[in-house]
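In what follows, a single structure is set out as structure tokens and then discussed.
Residue numbers (UniProt numbering): 1 to 147.
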């Protein structure tokens, strides 16, 4: 699906510009794609099942300035395989804006960190609330525990 993405793109006269993709782990990519769908829109996104990653189609030249940790920019292969389109290329948006993608990936990473922290907390959200009889609250008027 990908090859290295040099900063200077040599191409033949009249040839289509190279397509570049930003690749991220699938979980973060799916979260970011959802955020983008609900806001500004998202260009084509491909799921590479073999690498368990998502690839966002971005404008040529993005690699020259892309440095977000946990992601990479690559020149896209002409015919991606070993996966499927999450957002097909025939959408109204030809590519995803790199600055907007960067912000969405940051929000997605933060959401994932919070979700993981909550999942690891000692409190089980499915557990019933504590029994008030076993843990009585003080009387607000006297501050004394009920008997």
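Using N, Cα and C, we set each Cβ at its ideal position, and we do this for glycine too.
Reference residue i, options the options, closest by Cα
| i | options | result |
| --- | --- | --- |
| residue 20 | 105, 37, 38, 43 | 43 |
| residue 49 | 110, 101, 27, 66 | 27 |
| residue 25 | 35, 52, 33, 45 | 52 |
| residue 46 | 68, 111, 61, 77 | 77 |
| residue 84 | 59, 112, 55 | 55 |
| residue 74 | 58, 106, 116 | 58 |
| residue 60 | 97, 90, 34 | 97 |
| residue 36 | 106, 90, 72, 65 | 106 |
beta-carbon residue i near the ligand MG non-hydrogen atom, thresh 7 Å
| i | result |
| --- | --- |
| residue 57 | Of ligands this structure carries none, so the ligand MG is not represented either. |
Alpha-carbon to alpha-carbon, residue j and residue i
| i | j | result |
| --- | --- | --- |
| residue 40 | residue 104 | 10 Å |
| residue 29 | residue 122 | 28 Å |
| residue 32 | residue 101 | 8 Å |
| residue 22 | residue 70 | 10 Å |
| residue 93 | residue 110 | 26 Å |
| residue 67 | residue 99 | 12 Å |
| residue 9 | residue 113 | Its pLDDT being 43, under 50, residue 9 is placed unreliably by the model, and the measurement read from it follows with that caveat. Straight-line Cα distance between these residues: approximately 36 Å. |
Which of helix, strand or coil DSSP assigns to residue i
| i | result |
| --- | --- |
| residue 75 | strand |
| residue 121 | coil |
| residue 41 | coil |
| residue 84 | strand |
| residue 97 | coil |
| residue 92 | coil |
| residue 34 | helix |
| residue 116 | helix |
Beta strand (DSSP E) segment containing residue i, residue limits
| i | result |
| --- | --- |
| residue 23 | 20-25 |
| residue 57 | 53-58 |
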